[in-house]
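Beneath this line is the structure, given in structure tokens, with notes to follow.
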């Protein structure tokens with residue numbers, strides 16, 4: 334049985350969210366953090382909807398970063414919290430939205446420094462990850478988070494939902510004023526799609542830098 338489903342971001346894995354999961358469990362909530370690594374968007378949606386179907390009450394979904402792409406498609410939830418996340422509409426892809434930002438600004442959006450590995454997958458440069466993913470996270474937690482990162486196929490940027498569910502349930506967007514991973518113009522667009530939004534003084538990973546605050550939001554929305 335599940336109260337909260339946490340969906341990890343690209344390059345991340347469930348272990349990144351151990352602190353948040355443990356705090357939520359300490360508050361009496363049942364937490365699932367499925368591993369979506371190398372799954373298509375359709376397969377990710379199916380996996381999460383199977384967890385939803387097995388719950389004794391509709392769970393809340395929290396999608397961080399690219400986890401928001403899947404979160405936006407899952408049906409049957411009690412609501413969605415988009416945590417410094419991508420929030421796509423049907424027919425949109427991250428690649429398309431980033432191209433729009435580049436066309437508008439006349440330059441590629443600033444973001445993460447990505448490097449190809451021998452298999453053609455994309456990884457995040459460790460130094461860049463420390464600065465742009467975990468800039469406001471303490472050194473010990475940031476070092477562990479960087480160590481846990483794993484490369485992703487370039488196809489993640491082409492993920493395109495053919496249907497979305499975020500219009501049908503309560504939704505909250507939490508933006509980070511110091512987020513260096515998602516262009517501010519896109520964060521503003523995503524926030525406007527939700528029922529409510531908040532901007533926190535944080536970077537891209539408040540689940541690590543402001544763990545208790547994130548847990549507070551989740552707990553309030555379930556009680």
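Residue numbers (the working numbering): 334 to 556.
We treat Cβ as the ideally placed atom computed from N, Cα and C, and that holds for glycine.
Sub-8 Å separation of residue i and residue j beta-carbons
i	j	result
residue 338	residue 392	yes
residue 400	residue 554	no
residue 515	residue 417	yes
residue 491	residue 426	yes
residue 358	residue 334	no
residue 409	residue 435	no
Straight-line gap, residue i to residue j (C-alpha atoms, nearest Å)
i	j	result
residue 370	residue 456	13 Å
residue 361	residue 348	20 Å
residue 509	residue 497	24 Å
residue 449	residue 469	26 Å
residue 477	residue 428	29 Å
residue 398	residue 472	21 Å
residue 387	residue 438	46 Å
residue 532	residue 376	31 Å
residue 356	residue 552	10 Å
residue 379	residue 341	16 Å
residue 504	residue 336	16 Å
residue 451	residue 432	26 Å
Exposed unless 16 or more other CB atoms sit within 10 angstroms - verdict on residue i
i	result
residue 462	buried
residue 365	buried
residue 529	exposed
residue 512	buried
residue 390	exposed
residue 483	exposed
residue 520	buried
residue 524	buried
Cβ-Cβ separation, residue j to residue i (assumed contact under 8 Å), whole Å
i	j	result
residue 395	residue 474	No, residue 395 and residue 474 are not in contact; Cβ-Cβ is about 19 Å, not under 8 Å.
residue 344	residue 405	With a Cβ gap of about 19 Å, residue 344 and residue 405 do not count as contacting.
residue 507	residue 415	7 Å
residue 526	residue 486	With a Cβ gap of about 27 Å, residue 526 and residue 486 do not count as contacting.
residue 374	residue 494	6 Å
residue 466	residue 545	Wrong, their Cβ atoms sit about 20 Å apart, outside the cutoff.
residue 543	residue 535	6 Å
Counterpart residues of residue i in DSSP-defined beta bridges
i	result
residue 531	507
residue 395	339 and 414
residue 345	DSSP output for residue 345 lists no bridge partner at all.
residue 371	In DSSP, residue 371 forms no bridge with anything.
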